[in-house]
Amino acid sequence: MIQENLYKIRETISEVATRCNRNSEDIRLVAVSKRFPVEVMREALAAGQMIFGENYIQEAVQKKNLLGEVVKLHFIGNLQSNKAKFAVDTCSMVETVDRLKIAKAMNRYLEETERSLDVLIQVNIGFDQNKSGVSPDESETLLKKVRDLPRLRVRGLMTMPPLMDDPEAVRPFFRDLRRLSEKMEDKGLLGDHGKTELSMGMSNDYQVAIEEGATLIRVGTAIFGQRPAPEKQQ
Ligand SMILES: *Cc1c(COP(=O)(O)O)cnc(C)c1O
54 MIQENLYKIR ETISEVATRC NRNSEDIRLV AVSKRFPVEV MREALAAGQM
104 IFGENYIQEA VQKKNLLGEV VKLHFIGNLQ SNKAKFAVDT CSMVETVDRL
154 KIAKAMNRYL EETERSLDVL IQVNIGFDQN KSGVSPDESE TLLKKVRDLP
204 RLRVRGLMTM PPLMDDPEAV RPFFRDLRRL SEKMEDKGLL GDHGKTELSM
254 GMSNDYQVAI EEGATLIRVG TAIFGQRPAP EKQQ
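So for the sequence shown, this note's numbering puts the first residue at 54; every next one is plus one.
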């Protein structure tokens, strides 16, 4: 079932890309495997899915140990600075940098180990009180400060818009994120590490996100089905 779902989603990605004159190779699928066991991830791996999204550090570390170097983990959860070291050791990208403290903590550890890391700035594009992310107004200031940290490569922006059933209702938020990224590019604050990444769109609305310029879509339910309930707060 997982393999079928993946094939279907890849097909959809390529259809939508064609429809809006984009190259489907510029759109990468992040399979959000949070709370799913590694067996399920192995099925996806067997179907060629290499990038997975995880929200909890302990869980990401365990899975990385079991699955090894072939998998690329993107951290998409709320990161605490005392877990920065684990995020750096485990993930190929941290998509959820929304304050300087966490960026500095990662940079410090990267400095010690002489590595660098791709990150995205998480923007709370809908000013949603329940969502993390830097407000659009403050994003430029944060972006400048994170850019000053030599071990972090800011690749682009990520957002989690307000939850809405109608994917069309989410479109303005995706568009706003794209416009914000273009503004930052114009100011020379993004785009110096390759094409600017825009991580936006989930199971329900990834097609609209692609139309609005997403380069990373984070899809869980549409690949793996209903997620198991959370066990406990980490
Ligand atoms: C869980 C999660 C997703 C995936 O959501 P689905 O609706 O299951 O596709 C995407 N992004 C983030 C940040 C998440 O926490």
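We treat Cβ as the ideally placed atom computed from N, Cα and C, and that holds for glycine. These numbers come from a predicted model, not from an experiment.
Sequence-distant Cβ neighbours of Ile276 in its own chain, meaning closer than 7 angstroms and more than five residues away, are Ile55, Asn58, Leu59, Ile62, Ala84 and Ala97. No heavy atom of ligand 1 is found nearer than 7 angstroms to the CB of Arg81.
Taking C-beta atoms as the reference points, Glu238 and Thr249 count as a pair closer than 8 angstroms. With 16 or more neighbouring CB atoms inside 10 Å of its own CB, Lys117 falls in the buried class.
The way I'd put it, the stretch 208 to 224 does touch the stretch 179 to 191; three or more beta-carbon pairs between them come closer than 8 angstroms. Residue environment: Lys87 is assigned as buried (16 or more neighbouring CB atoms within 10 Å of its CB, all protein chains considered).
Only residues of its own chain outside the window of five on either side were considered, and among them Leu153 have a CB closer than 7 angstroms to the CB of Lys198, listed in chain order. Judged by DSSP in its simplified three-state form, Ile129 adopts coil rather than helix or strand. Val124 is positioned such that its CB atom lies closer than 8 angstroms to that of Phe105. Following the DSSP letters along the chain, one finds Asp171 inside the beta strand (DSSP E) bounded by residues Leu170 to Val176. Collapsing the DSSP output to three states places Met213 in coil. When only Cα atoms are considered, Val91 and Pro283 end up about 16 angstroms apart. Here DSSP, grouped into helix, strand and coil, assigns Ser67 to helix. Ligand 1 has no heavy atom closer than 7 angstroms to the beta-carbon of Ile263. Taking the CA atoms as reference points, Thr274 sits about 15 angstroms from Met217. Under the three-state reduction of DSSP, Val124 is assigned to coil, being neither helix nor strand. Membership of Ala275 in the alpha helix (DSSP H) is indicated by the continuous run Thr274 to Phe277.
Contact between Val114 and Val147 does not hold, since the beta-carbon distance rounds to 14 angstroms and is not under 8 angstroms.
Cβ-Cβ distances below 7 angstroms link Ile80 to Ile66, Ala70, Ile263, Ala267, Thr268 and Ile270 in the same chain, with the five nearest sequence neighbours on each side left out; the list follows chain order.
Taking all protein chains shown into account, Ser188 has fewer than 16 neighbouring C-beta atoms within 10 Å of its C-beta and is therefore exposed. Annotation for Arg271 indicates a beta carbon within 7 angstroms of some heavy atom of ligand 1.
When the five nearest sequence neighbours on each side are left out, the beta carbons in the same chain lying within less than 8 angstroms of the beta carbon of Cys73 are those of Ile263 and Glu264, in order along the chain.
When only Cα atoms are considered, Leu170 and Arg206 end up about 6 angstroms apart.
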